[in-house]
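In this note's numbering, each residue's number is its place in the sequence shown (first place is 1) plus 730.
Ideal Cβ placement from N, Cα and C applies to all residues, glycine included.
Following: one structure in structure tokens, then a few remarks.
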Amino acid sequence: MSADAQSFETKVIHAGIEPDPLSGAVMTPIYQTSTYAQSSPGEHKGYEYSRTDNPTRTVLQTQLAELEQGTHALVFSSGLAATDAVLNLFQSGDHIIAGDDLYGGTYRLFEKVATYRGLEFDFIDLNNEGLLREKIKSNTKLIWFETPTNPMLNIFDIAKIASIAKEHGLLSVVDNTFMSPFFQNPLTLGADIVMHSMTKYINGHSDVVMGCLILKDREIKAPRTTWRDPNFAAPRTLYSRLKFLQNAVGATPGPFDCWLVLRGIKTLAVRMERHAQNALRVAHFLQDHPTVERVIYPGLPSHPGHDLASRQMRGFGGMMTFFTKGGLDQARTFLENLKLFTLAESLGGVESLIEHPAIMTHASIPAELRREIGIHDNLIRVSAGIENADDLIADLDQALAKI
731 MSADAQSFET KVIHAGIEPD PLSGAVMTPI YQTSTYAQSS PGEHKGYEYS
781 RTDNPTRTVL QTQLAELEQG THALVFSSGL AATDAVLNLF QSGDHIIAGD
831 DLYGGTYRLF EKVATYRGLE FDFIDLNNEG LLREKIKSNT KLIWFETPTN
881 PMLNIFDIAK IASIAKEHGL LSVVDNTFMS PFFQNPLTLG ADIVMHSMTK
931 YINGHSDVVM GCLILKDREI KAPRTTWRDP NFAAPRTLYS RLKFLQNAVG
981 ATPGPFDCWL VLRGIKTLAV RMERHAQNAL RVAHFLQDHP TVERVIYPGL
1031 PSHPGHDLAS RQMRGFGGMM TFFTKGGLDQ ARTFLENLKL FTLAESLGGV
1081 ESLIEHPAIM THASIPAELR REIGIHDNLI RVSAGIENAD DLIADLDQAL
1131 AKI
């Protein structure tokens, strides 16, 4: 059976994985080395320095590309490092359109770092096709968006946005962290690059910080920057340019972290199924609770993007947000009284996490912009773990009773 014909549940166990040729080890070894012997200057076995390439990392990248139905993958030391690699494709004066609801760290990187390198940004509602087309300028190079978004779980039409990007010669990048490759594959819908914070669902055990870029490689225009050395040609494909940046900037993960993610991927399919099952039960419970104002979860028919999510996703994931009745004091009381849910940033681990976006993950977004997006002081974000759903509901119930 070809790899393309295999189910996702089989790919997470076997894709890119071969017994170690030296020892026959079934599990990919941890190649804990920084450098590699060469038989003669420039003659080696495909590896020369572990910032450039490492055998453990190679296996992980091969598997990720297959899971997202891409041709190539590159891993980085964090999701933000992966995001920054994309930004490094561009130069001062280039313009980027981004969704107006982004992870706070992404917004901070765009607005507080990349703008000082001369990049220009517009943050807009990408469900407004007319506004998107209006914002595209002669110097626009990229459309960057999440779907579902963090934290408001807005759903954007990947195929439509990717089509508009191609129409204007732009790259499109989808942050697919919330869905993982199990529930959504943006490359098959026309996106050029998929970004994951693998810290979350792909690793799934809250013990690794890592990011990745996955793409279907193609020829692209050479960058406008001058490559002064005539013997040093500008990389001409999307993958070769990003691979160059991965090595040149050096924000790469170590082999042990790569091995941990390979271990985590093996249970990705069964974990995502349980995350989604638990999230749906929790969402129904919260939706009917008298102290809850509103629940936002794509799996609920009440979600305005439910129909679109049903078309472009194979499930609704483990993330939701909800508004408690009252303000910050009520939200704080609720969060302080939870016993099973852990009050912590991040998401996607086997344990259930809960947080307050306005104070925690999205504090770097200005208060007025938070309010405009809908991140109010009574907004709570939930990452449903894989515990027993009855236990999760009981914990939420007793904490909500305190307000």
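When Leu-849, Asp-905, His-898, Gly-772 are compared, the shortest CA-CA separation from Leu-810 is found for Asp-905. Counted as a single uninterrupted DSSP element, the alpha helix (DSSP H) harbouring Met-1002 occupies residues 998 to 1017. By the C-beta criterion, the stretch 785 to 796 is judged to be in contact with the stretch 987 to 1001, since at least 3 inter-stretch pairs fall below 8 Å.
In this structure, DSSP gives His-1086 a state outside helix and strand, which the three-state scheme calls coil. Here the C-alpha atom of Asp-1127 lies approximately 17 Å from the C-alpha atom of Gly-1115.
Around the beta carbon of Glu-1085, 16 or more other beta carbons sit within 10 angstroms, so the residue counts as buried. Per DSSP, the continuous alpha helix (DSSP H) segment holding His-1036 begins and ends at 1036 to 1042. Here DSSP, grouped into helix, strand and coil, assigns Glu-798 to coil. Non-local C-beta neighbours of Asn-784 in its own chain, meaning closer than 6 Å and more than five positions away in sequence, comprise Tyr-761, Pro-985, ordered along the chain. For the pair Gly-1057 and Tyr-931, the CB atoms are not nearer than the 7 Å cut-off.
Nearest to Ala-889 by C-alpha distance, out of Leu-819, Leu-1099, Leu-883, Thr-877, is Thr-877. In chain order, Ala-1119 place their CB closer than 6 Å to the CB of Arg-1011, counting only its own chain and leaving out the 5 sequence neighbours on each side. Apart from sequence neighbours up to five positions away, the residues of its chain that approach Leu-1130 with a beta-carbon distance below 8 Å are His-1019, Thr-1021, Val-1022, Thr-1054, Phe-1064, ordered along the chain. Here Asp-814 carries a helix assignment [DSSP, helix/strand/coil].
Between the alpha carbons of Pro-751 and Asn-869 lies a distance of about 49 Å. Distance check between Thr-763 and each of Ser-753, Thr-786, Gly-746, Ser-769 places Thr-786 closest, using alpha-carbon atoms only. Note that the stretch 968 to 983 does not touch the stretch 992 to 1009; fewer than 3 beta-carbon pairs, one per stretch, sit closer than 8 Å.
When secondary structure is reduced to three states using DSSP, Leu-901 falls in the strand class. With distances taken between CA atoms, Pro-759 lies nearest to Val-789 out of Ser-780, Leu-1122, Val-789. No Cβ-Cβ contact shorter than 7 Å links His-1092 with Gly-1048. For Ala-1097, the enclosing alpha helix (DSSP H) begins and ends at 1097 to 1103.
Contact between Leu-917 and Lys-946 holds, since their C-beta atoms are separated by about 6 Å, short of 8 Å.
Contact annotation, Ser-822 with Arg-847: C-beta distance approximately 6 Å; criterion of less than 8 Å satisfied.
Residue environment analysis places Ser-1082 among the buried positions, since at least 16 neighbouring C-beta atoms fall within 10 angstroms of its C-beta. Rounded to whole angstroms, the separation of the alpha carbons of Met-940 and Asp-922 is 20 Å. Under the DSSP definition of a beta bridge, Ile-932 lacks any partner.
Sixteen is the threshold: when 16 or more other Cβ atoms of the shown chains lie within 10 Å of the Cβ of Glu-798, as they do, the residue is buried.
Separation of the CB atoms of Ser-893 and Ile-873 is rounded to 11 Å, and the pair is thereby denied contact status at 8 Å. Residue nearest to His-1106 within the set Thr-967, Gln-1060, Asn-915, Met-925 is Gln-1060 (criterion: CA-CA distance). Rounded to whole angstroms, the separation of the alpha carbons of Arg-838 and Thr-845 is 10 Å. The beta-carbon distance between Leu-1070 and Asp-1121, rounded to whole angstroms, is 6 Å. This is short enough to meet the 8 Å contact definition. Close CB contacts of Lys-871 within its chain, under the 7 Å cut and outside five residues either way in sequence, are with Phe-820, Asp-824, His-825, Ile-826, Leu-900, Leu-901 (chain order).
Excluding residues up to 5 positions away in sequence, Gly-809, Thr-907, Gly-941 lie with their Cβ nearer than 7 Å to the Cβ of Ser-927 in the same chain. DSSP places Phe-912 within a helical segment (H, G or I) once states are collapsed to three.
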